[in-house]
Amino acid sequence: MRALLSLLIFASGCAGPLASLKVERPLTLESARFTIRSDGTVDADVHRIEHALSEAPAGLAPWGGLETPVTVFVVSDHRALERAVHRPGYAWLRAWARLEDVVVQAPSTWTTNAAVIDELLLHELTHCLLFQRTGTPESWRSKQIPLWFREGMAVWTAKQQGLYPTLEDTAQWAEKNPALDVFEDGEALSAEHYLEVYGFALHAFTFLERRYGAVQLGALMGQMKAGADFATGFEQAMGTTLARFQRDFLNYLHLRAFRGTGRSAPLLRPNLHELIEKRRPGA
Ligand SMILES: [Zn+2]
């Protein structure tokens, strides 16, 4: 994919901790537009992020891609990240996404692994895409998409499965902690139980995607964009209630239905091979 790169000095009147990031690097790809903003002292980080952004549109393709350009702010260290996103005490946090921007802690302060950086940016851009496809600049903050869906979708899209607990580990954790409800309280639980909560989110989203597929997930986003809240959009797109889906996933975990078959969840979406077979003359 061809990238058009140039370096400009950004002059802005905006206030806040991100206002000091005045060096602007636009990146125009065939299917997305980005701008990287930094303080000008983290060139190597900016180059790594450029690479990650150039790869990201392919990863976002299952969901139709970004609708609007995204600005990526590169902050110098973890303290600056917590300050910029108002999340004190989240030591594991490396980036934060909103509708049209992502704030990233300079990767060189926490990793040298290029693949990890690619995955992180794809994860964050998946959040931007979800916010863009379910809301507007006026409405996206009030949509209250549950953490399990947001983070499950992002971890799944960025193929970060290896970072989080397996299905068996998740089943055991859920059994040992029957009072913890990730579906309802994911946000609050993630501060102390980050890995377990994100693992649960990943497996719940994977179960959902396998059952209904990208087309119906796209329909859920479309329903929300048209005004529905998450639970209503879910029911309209999936034809089942959110509560019913959550019960099904918990049963799937507790009964270890993921064991033995080599398949992670039953298919409820049309099987293309079966449809093709049925249409063959004489079949
Ligand atoms: Zn995330």
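The working numbering numbers the first residue of the sequence shown as 2 and each following residue consecutively. Just so it is clear, CB atoms sit at the ideal spot from N, CA and C, and this is done for glycine as well.
Ignore the nearest five residues each way along the sequence and tell me which others in residue 53's own chain have a CB closer than 6 angstroms to its CB.
Taking the first residue of the sequence shown as position 1, residue 53 is located at position 52. 118, 119 and 122, listed in sequence order.
Quick one: Cα of residue 77 to Cα of residue 87, how far?
Position 76 of the sequence shown, counted from the first residue, corresponds to residue 77. Position 86 of the sequence shown, counted from the first residue, corresponds to residue 87. Distance between the alpha carbons of residue 77 and residue 87: 16 angstroms.
Mind listing, in chain order, the residues whose beta carbon lies closer than 6 angstroms to a non-hydrogen atom of ligand 1?
124, 128, 152 and 155
Helix, strand or coil at residue 25 according to DSSP, with G and I counted as helix:
As a working note, residue 25 is residue 24 in the sequence shown. Three-state DSSP puts residue 25 in a strand.
Between the alpha carbons of residue 106 and residue 128, how many angstroms are there, rounded?
Within the sequence shown, the letter at position 105 stands for residue 106. Within the sequence shown, the letter at position 127 stands for residue 128. Rounded to the nearest angstrom, the two C-alpha atoms are 17 angstroms apart.
Proximity winner among 158, 25, 148 and 166, relative to residue 188 (alpha-carbon distances)
The residue you call residue 188 lines up with position 187 of the sequence shown. Cα-wise, what sits closest to residue 188 is 148.
Is DSSP giving residue 34 helix, strand or coil here?
Residue numbering aside, residue 34 sits at position 33 when the sequence shown is read from its first letter. Three-state result, residue 34: strand.
Give the C-beta separation of residue 47 and residue 74 to the nearest angstrom, bearing in mind that I take them to be a contact with Cβ-Cβ under 8 angstroms.
Stepping through the sequence shown from its first residue, residue 47 is reached at position 46. Stepping through the sequence shown from its first residue, residue 74 is reached at position 73. With 8 angstroms as the limit, residue 47 and residue 74 do not qualify as a contact, their Cβ atoms being about 11 angstroms apart.
For residue 138 and residue 99, what's the separation of their Cα atoms in angstroms?
Locating residue 138 in the sequence shown gives position 137, counting from the first residue. Locating residue 99 in the sequence shown gives position 98, counting from the first residue. Computed Cα separation, rounded: 10 angstroms.
Does the Cβ of residue 216 have 16 or more other Cβ atoms within 10 Å, making it buried, or fewer, making it exposed?
For this step, residue 216 is matched to residue 215 along the sequence shown. Residue 216 is exposed by the Cβ-count criterion.
Residues near residue 224 in its chain [Cβ-Cβ closer than 6 angstroms; skip 5 each side]:
For the purposes of this step, residue 224 is taken as residue 223 along the sequence shown, with counting starting at 1. 234, 237 and 238, listed in sequence order.
For residue 170, report the span of its alpha helix (DSSP H) as first-last.
In the sequence shown, counting from the first residue as 1, residue 170 sits at position 169. It spans 168-177 - the alpha helix (DSSP H) in which residue 170 sits, taken as one unbroken run.
Going by C-alpha distance, which of 166, 31 and 68 is nearest residue 202?
Taking the first residue of the sequence shown as position 1, residue 202 is located at position 201. Of the listed residues, the one whose Cα sits closest to residue 202 is 166.
In chain order, what residues of the same chain have a beta carbon less than 6 angstroms from the beta carbon of residue 64, not counting five sequence neighbours either side?
Start at 1 with the first residue of the sequence shown, and residue 64 comes out as number 63. Closer than 6 angstroms at the Cβ level, and outside the excluded window around residue 64, lie 130.
Is residue 151 near ligand 3, going by C-beta to nearest heavy atom under 7 angstroms?
For the structure depicted, ligand 3 is absent and the ligand set comprises only ligand 1.
Own chain, CB closer than 6 angstroms to residue 200, minus 5 neighbours either side, in chain order
The residue given as residue 200 occupies position 199 in the sequence shown. Same-chain partners within the cutoff: 165, 166 and 171.
Tell me which residues share the same chain as residue 132 and place their Cβ nearer than 6 angstroms to its Cβ, disregarding the 5 neighbours each side in the sequence.
For this step, residue 132 is matched to residue 131 along the sequence shown. For residue 132, where only same-chain residues beyond five positions count, the Cβ hits under 6 angstroms are 100 and 141.
Got a sec? Which residues, its chain only, sit under 6 angstroms from residue 79 by beta carbon, not counting five neighbours each side?
In the sequence shown, residue 79 corresponds to position 78, counting from 1. The answer, listed in chain order, is 106.
Check each candidate in 205, 28 and 42 and name the one with the smallest Cα separation from residue 21.
The residue given as residue 21 occupies position 20 in the sequence shown. Closest option to residue 21, Cα to Cα, is 42.
Please say whether residue 126 and residue 183 have beta carbons closer to each other than 8 angstroms?
Residue 183 sits at position 182 when you count from the first residue of the sequence shown. Residue 126 sits at position 125 when you count from the first residue of the sequence shown. It is not a contact, given that the beta carbons lie outside the stated cut-off.
Given that a residue counts as buried once 16 or more other Cβ atoms are within 10 Å of its Cβ, and exposed if not, what is residue 153?
Against the sequence shown, residue 153 aligns to sequence position 152. The residue in question, residue 153, is buried, as its Cβ has 16 or more Cβ neighbours within 10 Å.
6 angstroms Cβ shell around residue 206 - same chain, five flanking residues per side excluded:
Mapped onto the sequence shown, residue 206 falls at position 205. Contacts found: 153, 154 and 157.
Kindly indicate which residue of 209, 102 and 146 has the alpha-carbon position closest to the one of residue 248.
In the sequence shown, the residue the question calls residue 248 occupies position 247. Among 209, 102 and 146, the Cα nearest to that of residue 248 is on 209.
Cα-Cα separation, residue 169 to residue 29:
Position 168 of the sequence shown, counted from the start, is the residue given in the question as residue 169. Position 28 of the sequence shown, counted from the start, is the residue given in the question as residue 29. The straight-line gap from Cα to Cα measures roughly 42 angstroms.
Can you have a look at residue 258 and say buried or exposed, based on whether 16 or more other CB atoms are within 10 angstroms of its CB?
Taking the first residue of the sequence shown as position 1, residue 258 is located at position 257. Burial call: buried.
Cβ of residue 25 within 8 angstroms of Cβ of residue 38?
In the sequence shown, the residue the question calls residue 25 occupies position 24. In the sequence shown, the residue the question calls residue 38 occupies position 37. Contact flag set, yes.
Distance between residue 51 and residue 256 (C-alpha atoms, nearest Å)
Residue 256 sits at position 255 when you count from the first residue of the sequence shown. Residue 51 sits at position 50 when you count from the first residue of the sequence shown. Looking at the two C-alpha atoms, the distance is approximately 44 angstroms.
Expressed to the nearest angstrom, what Euclidean distance is found between the alpha-carbon atoms of residue 186 and residue 231?
The count along the sequence shown starts at 1 and reaches residue 186 at position 185. The count along the sequence shown starts at 1 and reaches residue 231 at position 230. Each residue's alpha carbon lies about 15 angstroms from the other.
Locate the beta strand (DSSP E) running through residue 96, then write down its first and last residues.
For the purposes of this step, residue 96 is taken as residue 95 along the sequence shown, with counting starting at 1. 96-98 is the extent of the beta strand (DSSP E) around residue 96.
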